[in-house]
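Note sheet for the following structure.
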Amino acid sequence: MIGLVHYLTVGTLLFVIGLYGLLTKRNIVAVLMCIELMLNAVNINLIAFSRFITPELATGQVFSLFTITVAACEVTVGLALVFRVYHDRDTVLADRLNWLRW
Amino acid sequence: MTVFPFLTAILFTPIFGMLVLACLPREAERMIKLIAAVTMSVAFGLTAYLYWAYDFARSGLQFTESIPWIPELGVSYALGVDGISLPLLFLTMLIGLAAVFASWKLDKRPKEFFMLLLILLTGVAGTFVTRDLFIFLLFYELVVIPIYIMVIIWGSTKRVSKEYAGMKLTIYLLLGSAFMLVGVLALYLNAYPPGSRTFSMEALAQAHQLGHFSEEFQIFAFLLLLLGFGSLLSMWPFHSWSPDGYAGAPTAVSMIHAGVLKKIGGYGLIRLGLLVLPLGAKFWAPVIVGLAVVNVLYAALVALVQKDLKYVIGYSSVSHMGYVLIGFAALNSVSINGAIANMFAHGVMSALFFAMIGHVYDKTHTRHIPDLGGLAHQMPRVATGFMLAGMASLGLPGLIGFIPEFTIFVGAFRAYPWQAILAILGIVFTALYILRILANVLFGPRRPEFDHCADARGLELVPLVLLGSVLVVFGIFPQLLMGMVNSGVEPMLPLLAKLHQAPSMLGGLLK
Amino acid sequence: MFHEYALQHAWLIPLLPAIAFVLIGLWLRRVPLLSAGLALAVSIAAFLLACGVGQAVIAQGITVEQPFIQRVPWVAISGLSLDMGVFIDPITAMMLVVVTLVSLMVQIYSLGYMQGDPGFGRFYAYLSLFVAAMLGLVISVNFIQLFVFWELVGLSSYLLIGYYFYKISAREAAKKAFITTRIGDFGLLLGILFLQILFGTLDFAQLGLAIPAYVQQSGTGLLTLVALLIFLGPIGKSGQFPLHVWLPDAMEGPTPVSALIHAATMVVAGVYLVARVFFLFDLLPVALQTVAWTGAITAFFAASIALTQREIKRILAYSTISQLGYMMLALGVGSVTASMFHLMTHAFFKALLFLAAGAVIHALHDQNDIFAMGGLRHKMPVTFAAMTVGVLAIAGIPPFAGFFSKDEILLAAAQASWPLYLMAVVTSGLTAFYMARLLFVVFFGPEKPDNHPHEAPLSMCIPLGVLGVLAIVGGFVPYTYHFGDWVRFGPASHSGLDWAIAGTSTALALLSIGLAWLMYGSGRVSAERLAWRFPGLYRLSYHKYYIDELYQWLNQTVVGGIGRALYWLDLYVIDGIVNGLGKLTLRLGDGLRKIQTGQVQQYGLVLFGAILLVAAWLVWIEPALMGGVLS
Amino acid sequence: MSESASTLAFYLLAAITVVSAVGVVKSHNLVHSALLLALCFIGVSGLYVLLQAEFIAAVQLLIYSGAVAVLLVLGVMLTQRSSMADSNPANDWSRWALLICGLLAVVILSVVAATPWHGSIAAALENSIPVVARALLTDYMVAFETAAVLLLAAMVGAIVLAKGVEEE
């Protein structure tokens, strides 16, 4: 029987993979992708909780809707920033964007 | 019966003036200066009235006001003055007024300067009139920021850059206040159980009688306060900010800083150190006396070899603070009377000194003693001011400095004869360096290069007349000051008597 | 009755000149005539009041045992109260008269001497301040009042020595005077503090009662120390060895000032102080011995310097020091009468000498070297006469004033100890010699062709005349009217003249004058050859025993050196620590900022590492700990 | 759907999701990453279906697989000039990141495993859409409207950013 724990496991794995990518990818577009992965992991958790803990309320689904909205905004603005940075600095590699150092 | 809230009025007059200044266009320089002068005159007038109206016979706090502010923490907006704080408040306003006129010729961003000056004065005055420790700290911190800005922008760079001087001054003050803050919090937390905690100074002063402060705690907490107030008072070896700071600061700031700000240290030591933590004071007193003697002699000798006028006066003020410390640490009524009176006396004379140096520097663009000389030819009035301040500084009878010093000596001699003798030796060295600068700056052959330098005239004379007349009047009639101070010290008499007999568990260091 | 009024209002005597000082100093100093007029008017008033007080003392039978005292509280705080007041006994009365008289004379004299000086008004302001302070000192009722006016006297002396403030030498002399006397004041202040602590009062009358009781109870040990400390004050102020160095330099001031302050009045303040508190010294033999020996050594030592000096005012200055030594000697051997008597006569003849010297200097346009003068007796007969009277008086030739007073001192010394007497007698011979040298060199011999001397104006001659008369009769008249019955300590002594002592000193003085005539008047004995014979002694004397150089060295090298060393300490050790702490903070920050790589992902790595640690703590370690505690 | 079928479907979809996610991170070609991301999103939406949240699954397909993935591909195209072969490099601290992520997974999973979940035994709603709709338009009204504003702001912001402000 597939239960809550299974879904949470999938969510965890997805989150951790996304995190790994977030920390290691040099290309900002790839970093954005990894953020999407992590957001999805969260959504899985939300919906799984909604299904198995409070199936009659569907609050988790509402929240995941909001998450998706925010994710959409984030990717839009994020990509716009990437274009901007690319336009100004001629690079999309995160480790080149280090002018905030000492 | 509701009485007119004089202290609040005094406290908020400069703030009000500052707000008015804020609304003026920056081009209206004359108007700005005029408003600053009027503001300070009103504040000074109110203070002078208070000084006059204070009832010596009914000693203790008068003109009190109290409004609860943060009851949960035991903070209230409580004001009141007694014979200790009123002279210092008077001094603040006196020097403030003089400082406004001493800055009359200032042409670099006068609007900001006078606004900051008024804030500074509010802060200083606030520390003296409040009866609540929390408000005390609040006002104290209010002082630090304007000073920093004023030194950095309007200061002058000589041996050290003005930025360095400003930083040193500010960081020292903040460091001192950090120690102080810890001490104050320790007092607050230990004085009363949760729920009845209060920042009220009177209540805190009761706590040791109720046995809420153990002797060890008092010793520890007093050390914290001593570090804080001591560095504010330029106690050796925490004095090195003082000469550099004064040298870098503009005239008005030097006047206020040397004149009154330093005195917050002495005031705090008495108000908090002695009244709240008497056993701590008794424990540390021998150490303070030792350091104070070093203060007196060391600073006087160093002043002897200085080349910059402001450094001489800077070190001289360090030296004079040594007398204040000795008077405090001798812990008897006579010496404490002297210590408080000496704070007042030193405030007036050092402010006058700095005002005169400021004038000389404005005209001649130098403070280097070997470059100066014979100024009595071109500036007889300034020379008179120098003479008055110098003579008061070396304790000439008939000027304000003598009686306070004498009282300190009488008190200190009783408690610490040997240290007192060393300190009295300081009067010889004081005479040496004071006469040296008087001779080298004022007297000697006429120097044609200073012929274009005008003497003080018109409004520039205000600081000289104001401070000079106080120097003389309070010197000839010292009871004007001593009576006031004594009425503030009198309530301490039982405490001092008890302290004298108190069996001290650890016995007092070095004794 | 005027004398009753004067007695009750004796406080007016110092107050009037003080008011004059304020008025002149603040407003009138630009109007020379008005300044001088006010100062003179006030001086006359003060003199009249002082005479009234003197009259009252005689009329009302005020004696040293029963002084007239007024007190008003000045400072009163818990544990300490200080009074101001008036203390009048015959000594005070005598001092009041002498001071007001001499100052009046000097002020009249200054009308001529200072004429045309740009600082005329300022000069009279200072003079008034000085007179006020000196008179305040004289009527002091207690130590604190005495100290207050003592210091104010010092201030006015400082101002007047530095009157020609544009002269480097004047400003340095003024500084030196102030600081040297300050060293003495340090001792005086300590002594006063001791008295305050021991007796709780500084009032002369009360101390006079308390001290004998204390001595009976606790012995003299501590009090001797106190007395010696107090004596430090007079050593400084009255130019006693070794703090005499300021007095010759003080001649940089205008000559009337030298006459008034540094000869006749202020410098005797120290003598007056010891006399005033003689109730203390009298009980302490060691202190008295010290006073006597200090006085004798000073007298001899200063006279030996005066022998070789060339500047007219310096010679007079050293003679002043020497005479002050005499007064101290008299006090030390226990004779207040002799000391005060000599103080009075000395005031007359020394003021006379200085004013005459001033007339000479004035006539020769600030020429100071006596060997550049000569033959002035024809052109300046009045001055010559005055100077001669003065010289004869100071030399102790009867019947001039100095003879009587000096004789009393010699007598008292002879009764006390023979070495002191011997020193005093030798000194009196030396005094006669160098004063005669001065007289002969300046007024006899050939006229110098470069000099165009002229007799002094009337305003300068009147004081010379008045003081000349006083220098003649000032000794004889008081002597016949039993000065010693009034001015004394303890029972009056009617010793009368001791003809052996008087004869010896007179003979010695005449001999010395004769020798001086041989050397400087007729030139039969060459002074140069004598100097050449004893080069060491001559140089020692001419260079004033190198004491100035010693002090210079002490001040410049020792005190200045310590100051410089401490400043070094301040800059590099104390400030070094402060700046070091600042630098340490900067370095630390410099190191720590390297952590800011600008790599966002690295920050993220650290962030999640931290989250991991926190999470691991919460999940595993904390439950384990809690469990451990619970189980 | 039968028990075993749904189990099988779960494992299949979970495998697709996780493997394609690993692919997103590991691929050296950014375009491949983007495509694998789309695949991952599809897997996730399948999981939503299994969780009986059909509406969310549809939204997921539309927004993520449709809009976001395409947008990202567009982003890749616009910013990648040279060859795609090595367009998705990793940086120098992958090993540390791996360690931390691994340990984090262990921590989270252990918590998940150790927590006693008090799951509801109630069946899922037949049709969750009305419930979601009602919640959105009543309880979460403000948040919903705010989300709308956020979207608008993001749109404006994205346009401004991408277009660039004229320097005066």
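Chains as they are written, first to last, in the working numbering: chain A, 749 to 850; chain B, 853 to 1363; chain C, 2 to 632; chain D, 63 to 230. Here a beta-carbon is modelled for each residue, glycine too, at the ideal position from N, C-alpha and C.
Nearest neighbour of residue i, chosen from the options [CA to CA]
i, options, result
"Lys1021 of chain B", "B:Ile971, B:Thr1009, B:Gly1097", "According to the sequence provided, residue 1021 of chain B is Leu. The question's Lys does not apply to it. Selected option, being the one with the closest Cα: B:Gly1097."
"Thr299 of chain C", "C:Lys545, C:Leu102, C:Gln603", "C:Lys545"
"Gln241 of chain C", "C:Gly326, C:Leu199, C:Tyr422, C:Pro286", "C:Gly326"
"Leu582 of chain C", "B:Tyr1024, B:Gly1100, B:Thr1282, B:Leu1183", "B:Tyr1024"
"Phe206 of chain D", "A:Thr760, A:Phe763, A:Ala820, A:Phe811", "A:Phe811"
"Leu160 of chain C", "C:Ser129, C:Val474, C:Gln146", "C:Ser129"
"Ala119 of chain D", "D:Tyr126, D:Ile125, D:Tyr110, D:Ser127", "D:Tyr110"
"Ala433 of chain C", "C:Pro382, C:Gly376, C:Ile371, C:Ile514", "C:Ile514"
"Pro119 of chain C", "C:Val98, C:Val87, C:Val32, C:Pro91", "C:Val32"
"Asp1307 of chain B", "B:Ala1228, B:Leu1124, B:Leu873, B:Tyr1150", "B:Ala1228"
"Phe1326 of chain B", "B:Pro939, B:Gly869, B:Ser1066, B:Leu913", "B:Pro939"
"Gly935 of chain B", "B:Trp904, B:Ser1202, B:Tyr1000", "B:Trp904"
"Ala265 of chain C", "C:Ala297, C:Phe232, C:Ser219, C:Thr101", "C:Thr101"
"Pro1158 of chain B", "C:Gly562, C:Glu253, C:Ile45", "The sequence shown places Gln at residue 1158 of chain B, rather than the Pro named in the question. Per the Cα distances, C:Gly562."
"Val1112 of chain B", "B:Ser1321, B:Ala950, B:Trp1088, B:Asp1303", "B:Ala950"
"Leu349 of chain C", "C:Ala493, C:Ile362, C:Gln324, C:Thr182", "The question names Leu, yet the displayed sequence has Phe at residue 349 of chain C. For Phe349 of chain C, the nearest C-alpha among the options comes from C:Gln324."
"Met786 of chain A", "A:Phe800, A:Ile776, A:Leu770", "A:Leu770"
"Gly271 of chain C", "C:Leu208, C:Pro286, C:Ala260, C:Met135", "C:Met135"
"Leu994 of chain B", "B:Ala1017, B:Ser1029, B:Val1012", "B:Ser1029"
Contacts that residue i makes with chain B (C-beta to C-beta distance below 9 angstroms)
i, result
"Ser77 of chain C", "It is worth fixing the name first, because residue 77 of chain C is Ala in this sequence and not Ser. In chain order: Gln1331, Met1334, Gly1335, Asn1338."
Residues bridged to residue i [DSSP beta-bridge criterion]
i, result
"Ala1220 of chain B", "It is worth fixing the name first, because residue 1220 of chain B is His in this sequence and not Ala. Bridge partners of His1220 of chain B: B:Asp1160."
"Asn91 of chain D", "Answer by DSSP bridge pairing: none, since Asn91 of chain D is not bridged."
"Pro454 of chain C", "Answer by DSSP bridge pairing: none, since Pro454 of chain C is not bridged."
"Leu1027 of chain B", "According to DSSP, Leu1027 of chain B bridges with nothing at all."
"Asp408 of chain C", "Paired residue(s): none; Asp408 of chain C is not in a bridge."
"Tyr929 of chain B", "B:Ile919"
Interface partners of residue i on chain C, CB under 9 angstroms
i, result
"Tyr1150 of chain B", "Leu567, Leu570, Asp571"
Beta-carbon neighbours of residue i, restricted to chain D and to distances below 7 angstroms
i, result
"Ala616 of chain C", "Val169"
"Val620 of chain C", "Val169, Ser172, Val173"
"Leu626 of chain C", "None at all; the shortest Cβ gap to chain D is about 17 angstroms."
Contacts of residue i in chain C (Cβ-Cβ under 8 angstroms)
i, result
"Ala842 of chain A", "Gln600, Val601, Gln602"
"Leu165 of chain D", "Leu613, Ala617"
Under 8 angstroms by beta carbon: chain A residues contacting residue i
i, result
"Ser190 of chain D", "Ala806, Gln809"
"Leu606 of chain C", "Leu771"
"Met217 of chain D", "Thr824"
Closer than 7 angstroms at the beta carbon, the chain C residues around residue i
i, result
"Arg849 of chain A", "Gln597, Thr598, Gly599"
"Met1243 of chain B", "Leu156"
Partners in chain B for residue i, counting only beta-carbon separations shorter than 8 angstroms
i, result
"Phe148 of chain C", "Pro1249"
Chain A contact residues for residue i, given Cβ-Cβ distances below 7 angstroms
i, result
"Ser68 of chain D", "Ile750"
"Phe179 of chain C", "Simply none; closest approach about 60 angstroms."
"Phe187 of chain C", "Within 7 angstroms Cβ-Cβ: nothing; Phe187 of chain C doesn't reach chain A, min ~59 angstroms."
* Does the stretch 505 to 525 of chain C touch the stretch 1104 to 1118 of chain B, meaning 3 or more C-beta pairs lie closer than 8 angstroms? -> no
* To do: Kindly provide the ranges of any alpha helix (DSSP H) runs that are 4 or more residues long and lie completely inside the stretch 567 to 604 of chain C, ordered along the chain.
  => 576 to 594
* Determine contact between the stretch 1311 to 1330 of chain B and the stretch 1267 to 1281 of chain B, defined as no fewer than three beta-carbon pairs at a distance below 8 angstroms. => no
* To do: Tell me, please, whether the stretch 1162 to 1180 of chain B touches the stretch 1135 to 1150 of chain B by the rule of three or more beta-carbon pairs shorter than 8 angstroms.
  => yes
* In chain order, each alpha helix (DSSP H) run of at least 4 residues that lies wholly inside the stretch 105 to 158 of chain D -> 116 to 121, 131 to 141
* Starting from the N-terminal side, write out each stretch of the alpha helix (DSSP H) that is 4 residues or longer and does not extend beyond the stretch 855 to 898 of chain B. => 858 to 875
* To do: Starting from the N-terminal side, write out each stretch of the beta strand (DSSP E) that is 3 residues or longer and does not extend beyond the stretch 314 to 396 of chain C.
  => none
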